[in-house]
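Just so you know, the protein sequences line up as chains A and B, in that order. First residue of the first sequence: 1, per this note's numbering; consecutive thereafter. First residue of the second sequence: 132, per this note's numbering; consecutive thereafter. The C-beta atom is built at its ideal place from N, Cα and C for all residues, glycine as well. Remember, predicted model here, so these are calculated numbers, not experimental data. Here the structure comes first, spelled out in structure tokens, and everything after it is commentary.
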Amino acid sequence: MIILIDDNPIDTFIQTKALELGGYRGRIEAFRSAEKALDYFQGISTSAIEADSFILLDIRIPSMNGFEFLDALQRLDKEVVSTFPVYFLSSSLDLEDRQRANTYPNVVGFLEKPLTRHVVAGLPGIRKAAS
Amino acid sequence: MQISIFARKSDFQEVTHIKGLLKEWSPKVFQYGETARVGKLTREIVILYKPQLTEELIRIAAEVRILSPSCYLLVIGEGIPGMTLFHAQVNCALQLSEIGRIPELIHELKARAERITSDGGSMAMQELQEKNKELEKINFELDRFVYSASHDLRSPLTSVLGLLYLLREEVKAEGAQRYVSLMEESILKLDNIIRDIVAYSRNNRAGLQIEEIQLPELISDVEPGLRYLETGEITVSGCVKVKAAFPFSSDRNRLVTILNNLISNSIKYRHPARLPEIELNLERNGQHIVLVVSDNGIGIKEYHLEKIFDMFYRTSDHSTGSGLGLYIVRETIKKLGGTVRVESAVNQGTKFTITLPLAYA
Chain A
1 MIILIDDNPI
11 DTFIQTKALE
21 LGGYRGRIEA
31 FRSAEKALDY
41 FQGISTSAIE
51 ADSFILLDIR
61 IPSMNGFEFL
71 DALQRLDKEV
81 VSTFPVYFLS
91 SSLDLEDRQR
101 ANTYPNVVGF
111 LEKPLTRHVV
121 AGLPGIRKAA
131 S
Chain B
132 MQISIFARKS
142 DFQEVTHIKG
152 LLKEWSPKVF
162 QYGETARVGK
172 LTREIVILYK
182 PQLTEELIRI
192 AAEVRILSPS
202 CYLLVIGEGI
212 PGMTLFHAQV
222 NCALQLSEIG
232 RIPELIHELK
242 ARAERITSDG
252 GSMAMQELQE
262 KNKELEKINF
272 ELDRFVYSAS
282 HDLRSPLTSV
292 LGLLYLLREE
302 VKAEGAQRYV
312 SLMEESILKL
322 DNIIRDIVAY
332 SRNNRAGLQI
342 EEIQLPELIS
352 DVEPGLRYLE
362 TGEITVSGCV
372 KVKAAFPFSS
382 DRNRLVTILN
392 NLISNSIKYR
402 HPARLPEIEL
412 NLERNGQHIV
422 LVVSDNGIGI
432 KEYHLEKIFD
442 MFYRTSDHST
452 GSGLGLYIVR
462 ETIKKLGGTV
472 RVESAVNQGT
482 KFTITLPLAY
492 A
């Protein structure tokens, strides 16, 4: 399962299409705010989380931003959730954002928008699912 | 307190007159033109008679006041507590005929300075610290502004770009494919201008952050920013070969900016008949490190070579950029205390040799 967190529906549309074109056939859940995504994680049971799941997370989202979301995720105190792999996906050029992203143990990458099928095809989770 | 008077030889008589008036302050008289000695002055007040203010004088002076058309008073406040308030009081303009009042004026200033120093040199210090804090805040806000504005400008661009990639997959008609390519090209051009402006501002404003650097790691830091240049057969990791490397100390973000520009140029201006190959080589040379970035691209004609580092310079035949890239490269290397030189052969390739300090104080 791939979870998209981005306030711009055009971008989640692009991400969904790019994932499909890149060979991903699994479930995609899109959330337009970090709070809604957090509610989802709060309610989810550990057994419901599929292997090779990950989050594509925008940084500059209104209200709760990407970093605040990760902090809140850690506080949920569910091991599966707090170790959920996260890719940041942003159009930010702020190098501090990148450095800050590296401080979270579950952040596995920093991707630049727009997501393309070439990038998707290179993500480890996708490669496994496609083969 | 000591007072120095700078004057031309021809004005010596009048200077002697002033000197007489200033006797109790043990003045020293320099002839005008001996500005080389000014750099060593630590005195509190300098009177310039018929001055030509040189850049150096203005630089070292905390305050310059015109006493009369022929007489300037400079306050040199380096390291003297209470000086900021002290020179703030020097705001009266004297007529030449009033030159005799200078000792009186200085006496008054000195008294004020002493008063300030005794009851609150800290007040001036506090004022300075507050100013400093304010400036830091403005600097921080400006930084945030650059990143926020650039992000907000880029967001719709990246959305359009993403949609164009999708369009390219779905609409296969030849005309449509060509239009999509041209649109992509235009958007990437605009996006690169925004990236360049951010890189320029970042280099100008951020202080040096020296840390240990591994060249291969640096390449992986550069990669995401160059993803847009990658095609099926061209990838950054595939093109870039690190020939020799060792850990060294430098500013990571600035090196990313430099390599980002050089590698993207090598890919953009690749030779049509071959895949781009970019070689990075690191060497130690005495107190310097030498980083050579060479490619097998189309090369740069000799008459462009000396201008490619100029702001907004673009070679008319192939250039697609903003004309800022190599300017930023040179400015960034300058900030690192290094130098850059370029050699190129048309149809064979280009080689940038970057010399950087081995260590930073």
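Taking C-beta atoms under 8 Å as the contact rule, A:F69 and A:L38 qualify, at a distance of about 7 Å. Boundaries of the beta strand (DSSP E) around B:A375: 371-375. Along the stretch 409-473 of chain B, the beta strand (DSSP E) occurs as fully enclosed runs of 3 or more residues at 409-416, 419-426, listed in sequence order. In the three-state scheme derived from DSSP, where H, G and I count as helix and E and B as strand, B:G356 is classed as helix. In the structure shown, the three-state DSSP call for B:A476 is strand. About 5 Å separates the beta carbons of A:V86 and A:L57, which is inside the 8 Å limit, making them a contact pair. Contact check for A:F110 against A:V81 fails: the beta carbons are separated by 9 Å or more. Considering only beta carbons, the part of the stretch 293-309 of chain B lying closer than 8 Å to chain A consists of G293, L294, Y296, L297, E300, in chain order.
At least one beta carbon of chain A lies nearer than 9 Å to the beta carbon of B:R326.
Closest in alpha carbon position to B:T481, among B:I420, B:P407, B:I350, is B:P407. Contact with chain A is found for B:T289, since one of that chain's Cβ atoms lies less than 9 Å from the residue's Cβ. DSSP places B:Y310 inside the alpha helix (DSSP H), whose first and last residues are 305-336. Contact annotation, B:I459 with B:T388: C-beta distance approximately 7 Å; criterion of less than 8 Å satisfied. Taking the beta carbon of A:K17 as reference, the chain B residues within 7 Å of it are L297, listed in sequence order. Using a Cβ-Cβ cut-off of 8 Å, A:N102 is close to nothing in chain B; its nearest Cβ partner there is about 10 Å away. Listed along chain A, the residues sitting closer than 7 Å to B:N384 by beta-carbon distance are L95.
With its beta carbon less than 9 Å from one in chain B, A:S92 belongs to the interface.
Boundaries of the alpha helix (DSSP H) around A:G66: 66-75. In this structure, B:I344 sits near B:S380, with a CB-CB distance shorter than 9 Å. Annotation: Cβ neighbours of B:G356 in chain A (cutoff 9 Å, chain order): L93, E112. Of all alpha-carbon atoms in A:M1, A:I59, A:L19, the one lying nearest the alpha-carbon of B:S286 is that of A:I59.
One finds S286, T289, S290, G293 in chain B with Cβ atoms closer than 9 Å to the Cβ of A:D11, taken in chain order.
Taking A:V108 as reference, the option from A:L95, A:L123, A:E96 with the minimal CA-CA separation is A:L123. In the structure shown, A:S63 adopts coil according to DSSP, grouped into three states. The residue among B:S475, B:Y331, B:N263, B:G369 with its C-alpha nearest the C-alpha of B:G428 is B:S475. Judged by DSSP in its simplified three-state form, B:G293 adopts helix.
Taking 9 Å as the threshold, the shortest C-beta distance from B:E361 to chain A falls below it. Put simply, of B:R336, B:T289, B:A337 the residue whose alpha carbon is nearest the alpha carbon of B:M314 is B:T289. About 6 Å separates the beta carbons of B:L284 and B:I325, which is inside the 8 Å limit, making them a contact pair.
Counting the other Cβ atoms within 10 Å of the Cβ of B:N391 gives 16 or more, which makes it buried. In the three-state reduction of the DSSP assignment, A:I2 falls in the strand class.
Under DSSP, A:Y87 shares a beta bridge with A:L56, A:G109. For the stretch 270-286 of chain B, the residues whose beta carbon sits under 7 Å from a beta carbon of chain A are, in order, Y278, S281, H282, R285, S286. Straight-line spacing of the CA atoms in A:F13 and A:K113 works out to 13 Å. Any Cβ of chain A closer than 9 Å to the Cβ of B:V373 would place that residue at the interface, and such an atom is absent. When the beta-carbon positions are compared, B:L349 and B:L297 stay at least 9 Å from each other.
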